[in-house]
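Structure first, then comments.
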Amino acid sequence: MERERMEFDVLIVGAGPAGLSAACRIKQLAVEQQLDISVCVVEKGSEVGAHILSGALFETRSLSELFPDWQKLSAPLETAVSQDQTYYLSSDDSSYSIPHWAVPKTLHNHGNYIISLGNLCRWLAEQAEAMGVEIYPGFSAESPIFEDKRIVGVVTGDMGLNQSGEPKTNFAAGIELRAKFTLFSEGARGHLGKQIIQHYQLDKEQTPQHYAIGFKELWEVPPHQHQAGLVLHFTGWPLQHEASGGGYLYHLENNQVAVGLIVDLNYANPHLSPFDEFQRVKHHPLLKQYLQNGNRISYGARAIAKGGLHSLPTQQFAGGLLIGCDAGTLNPAKIKGTHTAMKSGLLAAESVVDALINQSQVADYKAFFEKSWLYKELYQARNFSHGIHRFGTLTGGGVAVLEQNVLQGKAPWNIRYNRQDHHHLILASDAPKIVYPKPDGVLSFDRLSSVYLANIYHEENQPCHLRLLNERIPIEQNLERYAEPAQRYCPAGVYEIVLEQQQPRLQINAANCIHCKTCDIKDPSQNIHWTPPEGGGGPNYPNM
C-alpha cells in the first residue's frame with residue numbers, strides 16, 4: 001500500500017511522562033547546541049492524558065532537572081504530602097498501624113506531592129509544543145518499520161476499517177512516520193515494545209519482567225472527611241492468603257480522594273478476581289471512614305511493570321530506545337515510576353542528541369544511564385520485587401526493610417525470581433473457590449458501572465484489537481483447566497463465557513477494553529495479543 005510519509009529527526013511513541021520529558025529535553029539541548037532538531041510525538045489516546053492513570057505520589061527530582069522553575073510555570077502540583085501512614089489489615093474489620101521504622105525508608109513520602117499524572121502530562125505537552133514539538137493525539141502506532149536491522153520509524157494504524165478488515169467509506173490509510181531515532185514510551189507492556197524486545201532479544205540476559213494490575217477510583221467526599229495531603233498505604237487483607245500486593249488512599253485537593261489496590265499478577269488461584277478484591281476492600285473500616293457519603297467520579301486500571309533492575313531489558317538498539325515503563329524503569333521499592341520514567345526520558349534525550357551530533361547509528365543510552373542517579377536508585381532497589389515474589393509478603397517485606405533501612409540499599413546479595421507471572425495458575429479443581437459479596441452500589445460496584453466511569457469510546461465497527469492466536473484454546477484448554485480466568489482477571493468485563501447451542505464460547509466485548517494489558521500478561525496460554533484499536537479509542541480519563 002502506498003502510504004503518506006513524514007520524516008523527523010526524532011519520533012516518540014507515547015505521550016506519557018517519559019516521552020514528553022524526552023521531547024522537552026531534546027528541544028532544550030537543541031537550543032543549547034544551536035541545532036535544528038525536529039521532534040514528533042504520536043499518542044494513541046484521543047488527547048494527551050486520556051490514557052494516563054497512576055496513583056499518583058510524585059517525587060519532583062526529575063521535574064526539577066527538566067524545569068527548575070516548574071512552580072513559576074504553574075505545573076499542576078498542588079497538594080504536598082502532609083501525613084504518611086501505613087497499615088496492616090489483619091481481617092475485614094481490623095487493622096493496626098505499622099510504625100515508620102518498620103516501613104522501608106523508600107516508602108516514606110515526606111516532600112512528595114499527590115497529583116493527577118494525566119494533568120501533569122497535559123502540562124508537559126503544553127511545554128513541549130511551546131518549544132516546537134509536534135504532538136499528534138488520536139494516532140496509534142501499529143507496527144515498527146525495520147530496514148537493514150535498524151528501526152527507522154513506525155506505521156500508524158489504518159482508520160475506517162470494518163469488523164472484517166475491509167475499508168469503509170471513511171477509510172484513511174496509516175502514515176509512515178520515519179525518523180533517525182525512534183523512542184518507544186508506551187507504558188507497561190507496550191505492544192511495540194514487546195515486539196522490539198523479542199526481535200532484538202533485549203531481555204535474554206535478564207530475569208522475566210513481573211507485573212501487577214493497579215486499580216484506581218477517584219471520589220469526591222464531604223469536606224469534614226477530607227484531609228488534604230493525607231497518604232495512607234495498606235497491605236494484608238483481603239490479599240494475604242491469595243496474592244501479594246497492597247493498596248492506597250490519597251487525599252488530593254478539592255475534597256477528592258484517590259483509592260486503589262495493586263494486585264501482583266503472579267497469583268495462583270484462577271478463581272481470584274482482582275477487581276472484586278478491590279471492591280470489597282473499600283468496605284474495611286479504615287477506608288470506609290473516608291469514602292462513606294462520598295461520590296465515585298472516575299474508575300480505571302492499568303498494568304504495572306515492577307520487576308526493577310533485574311528485569312530491565314537492554315534499552316538501546318539500532319535506531320531507537322525503550323524508555324520509561326515500556327522498559328520497566330519503575331522503582332518497586334518506592335512503588336513510584338513517574339520520576340524514574342521522566343529521568344529515563346532525559347537520559348534518552350542526551351544520548352540521542354549526542355548520537356545526532358556524532359552521526360552515530362546507535363544512541364548510547366547505557367553510558368548515560370550507568371552514570372546517573374537513576375541507575376543507582378534502581379540498583380539499590382533491585383531485590384525488592386523479586387524478594388517478595390520469592391519469599392512472600394511478610395518475609396520478603398522483612399528483607400526489604402533490612403536492605404533499605406539497615407543496609408541502605410547496599411546488600412551484598414542479589415535476589416532473582418525467574419518464574420513468569422502467567423505460569424503460576426494452578427488448576428481450578430485444585431484451588432478454593434472465592435465467593436465475593438454482591439456490590440452494594442454505595443462503596444462497591446460492578447464492572448459495567450465502573451467501566452462507564454472510564455469514559456470509554458471505541459468505534460464499534462472495526463477489527464477486534466484483542467487477537468487470539470488460537471481460537472480453540474480458551475474453551476479447550478483455559479476453560480477446562482482454569483475455568484477461563486480471563487472472565488475474572490479482566491477489570492472491564494471484556495471476556496465472558498456464553499452458551500451458544502448449549503456449547504460454551506468465549507465472547508470478547510472489545511468495546512469495554514480500558515487498555516490495561518492484563519490479558520496480554522496473565523493469560524496462562526499466552527494466547528491473547530493486545531493491539532491498539534483505531535486511534536483515539538479507549539478510555540478518556542479526565543483527572544487520573
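Take 1 as the starting number for the sequence shown in full-length UniProt numbering and just add one per residue.
By construction, the Cβ of each residue, glycine as well, lies at the ideal position given by its N, Cα and C atoms.
Exposed unless 16 or more other CB atoms sit within 10 angstroms - verdict on residue i
i, result
"Ile37", "buried"
"Tyr452", "exposed"
"Asp276", "buried"
"Ala268", "exposed"
"Met1", "exposed"
"residue 546", "Nothing about residue 546 can be read from this structure; the chain reaches only from 1 to 544."
"His100", "exposed"
"Arg467", "exposed"
"His233", "buried"
"Asn112", "buried"
"Ser97", "exposed"
"His110", "exposed"
"Ser164", "exposed"
Rounded C-alpha distance that separates residue i from residue j
i, j, result
"Gln225", "Gln289", "8 Å"
"His210", "Ile335", "13 Å"
"Asn455", "Leu499", "29 Å"
"Arg61", "Ile115", "15 Å"
"Phe291", "Ala130", "The question names Phe, yet the displayed sequence has Leu at residue 291. In a straight line, the C-alpha of Leu291 is about 40 Å away from that of Ala130."
"Thr338", "Gln502", "49 Å"
"Pro532", "Ser54", "20 Å"
"Lys282", "His465", "32 Å"
"Leu261", "Ile52", "17 Å"
"Gly319", "Ile497", "43 Å"
"Lys72", "Val41", "25 Å"
"Ser385", "Glu134", "37 Å"
"Phe278", "Leu77", "27 Å"
"Val442", "Ser449", "12 Å"
"Gln316", "Ala327", "10 Å"
Residue i at chain D interface by Cβ criterion, 8 Å
i, result
"Val81", "Any reference to chain D falls outside this structure, which holds one protein chain only."
6 Å Cβ shell around residue i - same chain, five flanking residues per side excluded
i, result
"Gly345", "Ala18, Ser21, Ala22 and Ile323"
"Gly537", "His458"
"Thr329", "Thr340, Ala341 and Ser344"
"Ser82", "Gly229"
"Glu43", "Ala15 and Pro137"
Backbone secondary structure at residue i - three-state DSSP
i, result
"Glu541", "Before going further, note that residue 541 is Tyr rather than Glu in the sequence given. Note: Tyr541 maps to coil in three-state DSSP."
"His458", "coil"
"Trp530", "strand"
"Glu2", "coil"
"Arg481", "helix"
"Glu350", "helix"
"Phe171", "strand"
"Trp413", "coil"
"Phe368", "helix"
"Gln33", "helix"
"Gly345", "helix"
"Asn512", "helix"
"Gly493", "coil"
"Arg472", "coil"
"Lys277", "Position check: residue 277 holds Glu in this sequence, whereas Lys was assumed. Correct three-state label for Glu277: helix."
"Phe391", "helix"
"Phe234", "strand"
"residue 547", "Past the edges of the chain, shown from 1 to 544, lies residue 547, and the structure says nothing about it."
"Thr207", "coil"
"Ser311", "helix"
"Pro137", "strand"
"Ser143", "strand"
"Glu47", "coil"
"Phe384", "helix"
"Lys336", "strand"
"His241", "coil"
"His423", "helix"
Same chain, Cβ closer than 7 Å to residue i, five either side skipped, listed in chain order
i, result
"Gly132", "Lys27"
"Gln420", "Pro208"
"His529", "Arg467, Leu469 and Asp520"
"Gly174", "Arg3, Glu142, Val155, Thr156, Gly157 and Asp158"
"Asp203", "Ile197 and Pro313"
"Val401", "Ala102 and Pro104"
Cut-off 8 Å between Cβ atoms - residues of its own chain near residue i, not counting five sequence neighbours on either side
i, result
"residue 552", "Any property of residue 552 remains undetermined from this structure, which presents the chain solely from 1 to 544."
"Ser64", "Trp70"
"Leu374", "Thr329, Thr340, Lys343, Ser344 and Leu347"
"Val399", "Asn383, Gly387, Phe391 and Ile415"
"Ala483", "Pro270, His271 and Ala428"
(message) Report the start-end ranges of each alpha helix (DSSP H) in the segment 59-134 that is 4 residues or longer and not cut off at the edges.
(response) Counting whole runs of 4 or more residues, the segment 59-134 contains the alpha helix (DSSP H) stretches 61-66 and 117-130.
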